[in-house]
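In my numbering, the protein residues as written are 2 to 98. Glycine included, C-beta positions come from ideal geometry on N, C-alpha and C. Worksheet for the structure shown next.
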Amino acid sequence: MVEPFEDKTGYAQCIIAYMSPELKEPLLFVGRTPGKIVEPRGSRDFGWDPVFEPEGYDKTYAELDKEIKNKISHRFRAIDEMRKHFANEDNKGETKK
Numbered sequence: 002m003v004e005p006f007e008d009k010t011g012y013a014q015c016i017i018a019y020m021s022p023e024l025k026e027p028l029l030f031v032g033r034t035p036g037k038i039v040e041p042r043g044s045r046d047f048g049w050d051p052v053f054e055p056e057g058y059d060k061t062y063a064e065l066d067k068e069i070k071n072k073i074s075h076r077f078r079a080i081d082e083m084r085k086h087f088a089n090e091d092n093k094g095e096t097k098k
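Here it is as structure tokens:
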């Protein structure tokens, strides 16, 4: 599909919404991994993993070891943003030494 286009850059993005009774609107946590669209490589077990090559890597999501993929994935980044938010919330009442 992207063959006719010169620019094949893209990104994988995950948005996690958190809502609770005390919030008026959900908190949104965005994780984004830049990369490019390539010819399919690797296992075709999961969606578009074979055609997405993250920036700084010469392998697609499908070709990367699961451990590496999980550390750079858009999902991990969104969850990490949520973790940081709640870690900061927990530390608001504490004084730093």
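A straight-line Cα-Cα distance of about 14 Å links K70 and Q14.
Membership of E54 in the beta strand (DSSP E) is indicated by the continuous run 53 to 55. Comparing alpha-carbon positions, the option among D59, G57, E64 lying closest to P51 turns out to be E64.
Collapsing the DSSP output to three states places R33 in a strand. Under the DSSP definition of a beta bridge, T10 partners with K37.
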